[in-house]
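Here my numbering is used: the first residue of the sequence shown is 3, the next is one more, and so on. Glycine included, C-beta positions come from ideal geometry on N, C-alpha and C. These notes concern the structure reproduced below.
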Amino acid sequence: MDLSPLFHLYLYTTDKLEIRVRPVDANHYLVQLLNIDMPLPLDITSDAGTTRTMVDKKGFTVTSTTMPQIDTRDFYLKKVIYDL
C-alpha cells in the first residue's frame, strides 16, 4: 500500500487528518475522511463494540443506536467533526 499521501499530510503540512461523522438516519452514521485521498484503517466504537474498518473519502456506514466514537486510542493525530 502506498502511504505517501499520509506521510505528505503529516510531514509537509500543518493539517491534521479530518474525519467527519454524520447521521444518515436514526441508527446509521456515515464516517468519512475529508482531506486525504486514500483508505485508512480506523477503530470505530459503537454500541456493538470496537471494530477496525477501512475508511476513505466515500465513507463507511456504521449502524449504531449511539454516536460512534472514532480512534479512541488516539492512533492518529486527527480532527473529528461530528455533524448533528
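Cross-strand partners of residue i (DSSP beta bridge)
| i | result |
| --- | --- |
| ARG75 | Its beta-bridge partners do not exist; DSSP assigns none. |
Continuous alpha helix (DSSP H) stretch holding residue i: start and end
| i | result |
| --- | --- |
| SER48 | Per DSSP, SER48 belongs to no alpha helix (DSSP H); it is in the beta strand (DSSP E), 42–48. |
| PRO7 | 6–14 |
Rounded separation between residue i and residue j - CA only
| i | j | result |
| --- | --- | --- |
| ASP17 | LEU11 | 7 Å |
| HIS30 | THR15 | 33 Å |
| PRO25 | GLY61 | 12 Å |
| LEU32 | ASP4 | 25 Å |
| VAL82 | THR74 | 11 Å |
| ILE72 | SER6 | 23 Å |
Opening and closing residue of the beta strand (DSSP E) in which residue i lies
| i | result |
| --- | --- |
| LEU35 | 30–35 |
| PRO25 | 19–27 |
Contact belief for residue i with residue j at Cβ below 8 Å, rounded distance in angstroms
| i | j | result |
| --- | --- | --- |
| LEU36 | ILE46 | The Cβ separation is near 16 Å, so there is no contact. |
| ILE38 | LEU13 | Not quite, the Cβ-Cβ distance comes to about 13 Å (not below 8 Å), so this is no contact. |
| THR55 | LEU44 | 6 Å |
| LEU42 | VAL57 | 6 Å |
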